[in-house]
Amino acid sequence: MIQMKSNGETMGKRVIENNSQNDFPETDQSNMSNSILLILNPVSGQLDYEKSKKKIVAYLDQIGRTYEIRETQGEGDAFRWTKEAVGFDLVIVGGGDGTIMEGLSGMIKNPKPIPLAQLPMGTANLLARSLAIPTKLENALDLALEQGLVAKLDVGYLPEYDRYFAIVAGSGWDANMIQDADREMKNKLGFFAYIVSGFRHLFDLRRSRVRIKADEKEYLFLAHTVMVINIGEIYGTGLAIGKSVSPHDGKLDLAVAMSHTAWGFIKLLFRILFGRFTGSPDLKYLSASHLKVEAHPPLKLEIDGEPIGETPFEVEVVPNGAHLVVSRDYIEAKELPAVPVFRE
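Residue numbering for the sequence shown follows numbering that gives the first Met the number 0, beginning at 0 and increasing consecutively.
Here it is as structure tokens:
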């Protein structure tokens with residue numbers, strides 16, 4: 000049982016909840032050790048939120064870290080809080096892909112970036128799966144607070160939307176799939192909601208005239224799907240979209256699917272998933288640091304599992320833009336510097 004004082008502090012730990020306004024009092028960090036900002040989305044995914052929150056608080060109390068809790072009440076909360084975060088050693092965002100990417104986007108804009116850890120509490124948890132972040136809450140907490148290391152990753156940026164993505168910006172089939180997997184379906188089926196929606200849209204492949212400018216080169220295609228990829232593997236599964244796709248190379252990779260039948264596209268998806276970009280006239284692969292995509296008729300657009308609009312869109316890479324807590328195995332596999340989360 001946590002005993003709250005009238006001033007909102009408990010056992011030397013500052014806890015502020017259920018406030019979506021930008022009216023948090025200034026926190027005196029001078030006598031704090033390894034202070035943590037914890038941002039939670041109470042309506043993400045299928046987990047029992049109150050039960051999960053109790054586990055998180057108990058874990059933080061057990062290891063003796065100073066922390067502050069803020070619960071989102073609407074879009075933009077996580078972005079604002081991470082963008083304006085000052086004096087914390089670590090920011091932890093708990094929620095689905097949308098909440099985590101919102102928090103990460105705010106941190107990228109923070110003048111003094113703070114390492115960001117994630118507690119995957121959503122339906123798909125794409126970023127967590129891509130970086131081998133455990134989906135079990137206790138294990139994710141252990142990684143965030145005790146076992147993890149900080150890695151710098153490239154991110155993609157869409158200037159006209161002022162939005163960032165860590166994994167993919169997709170237009171066409173995948174955006175249609177994500178848009179039609181509504182919250183009710185996801186609550187009932189979980190991740191399988193995306194599979195159901197994706198299967199349905201296999202039989203509704205409508206190709207557009209696509210113009211792509213990749214750095215200084217221009218290309219024309221008749222295609223139904225264009226994917227700009229930053230992270231190309233689900234770490235630890237063997238699934239990798241080509242060895243050249245990496246969030247550590249200062250480049251973005253692009254796959255253009257031109258098949259016009261469901262079966263043809265299924266074969267292309269397997270090619271993409273296993274990094275086989277050559278050998279099919281219906282699949283084009285490009286790599287660039289700056290891309291512009293136009294389509295007629297327009298193709299719907301999503302970033303990291305969140306629908307945001309439609310073509311045209313422009314995207315550029317932000318090298319080392321994200322400071323994320325990842326596993327030691329990831330650091331070793333990518334041969335990255337071992338940077339501790341907390342600098343004692």
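All C-beta atoms, glycine included, are put in the ideal place defined by N, C-alpha and C.
Because the structure is a prediction, the values reported are computed rather than measured.
Going by DSSP, name the residue or residues bridged to residue i.
i: Val316; result: Gly155
i: Thr224; result: Gly171, Ala256
i: Ala150; result: Leu323
i: Arg69; result: Ile38
i: Ala213; result: Lys216, Leu290
i: Tyr163; result: Tyr156
Can residue i and residue j be called in contact, C-beta distance under 8 angstroms?
i: Arg64; j: Trp80; result: no
i: Ser129; j: Ile230; result: yes
i: Val314; j: Ala180; result: no
i: Leu89; j: Pro119; result: no
i: Gly121; j: Gly44; result: yes
i: Ile177; j: Pro306; result: yes
i: Phe78; j: Gly102; result: yes
i: Lys54; j: Glu137; result: yes
i: Leu152; j: Leu323; result: yes
i: Tyr284; j: Ala131; result: no
Would you call residue i buried or exposed, if buried means 16 or more other Cβ atoms sit within 10 Å of its Cβ?
i: Thr224; result: buried
i: Phe269; result: exposed
i: Trp262; result: exposed
i: Ile91; result: buried
i: Ala174; result: buried
i: Phe164; result: buried
i: Arg162; result: buried
i: Leu59; result: buried
i: Thr98; result: buried
i: Gly271; result: One detail in the question is off: residue 271 reads as Ile in this sequence, not Gly. Ile271 is buried by the Cβ-count criterion.
i: Leu142; result: buried
i: Ala256; result: buried
i: Glu25; result: Residue placement at Glu25 is flagged as unreliable, the pLDDT there being 39, under the threshold of 50; the coordinate-derived value follows with that caveat. That one is exposed.
i: Asp47; result: exposed
i: Gln117; result: buried
i: Glu215; result: exposed
i: Ala57; result: exposed
Can you name, in chain order, every residue of its own chain whose Cβ lies under 6 angstroms from the Cβ of residue i, other than the five neighbours on each side?
i: Leu335; result: Ala150
i: Gly320; result: Ile107, Val154
i: Glu16; result: Low local confidence applies: a pLDDT of 48 at Glu16 is under 50, so the model's placement there is unreliable, and no value is given.
i: Ser286; result: Lys250, Asp252
i: Pro246; result: Leu152, Asp153, Asn229, Ile230
Skipping 5 residues on each side, what residues in its chain have a beta carbon closer than 8 angstroms to that of residue i?
i: Lys111; result: Val85
i: Ile228; result: Ile166, Val167, Ile240, Val244, Leu251, Asp252, Leu253, Ala254
i: Ser170; result: Thr224, Val225, Met226, Val292, Ala294, Leu298, Lys299, Leu300, Glu301, Glu309, Thr310, Phe312
Practice item. Enumerate, from N- to C-terminal direction, the unbroken alpha helix (DSSP H) stretches of 4 or more residues contained entirely within the region 90-118. Key: 96-107
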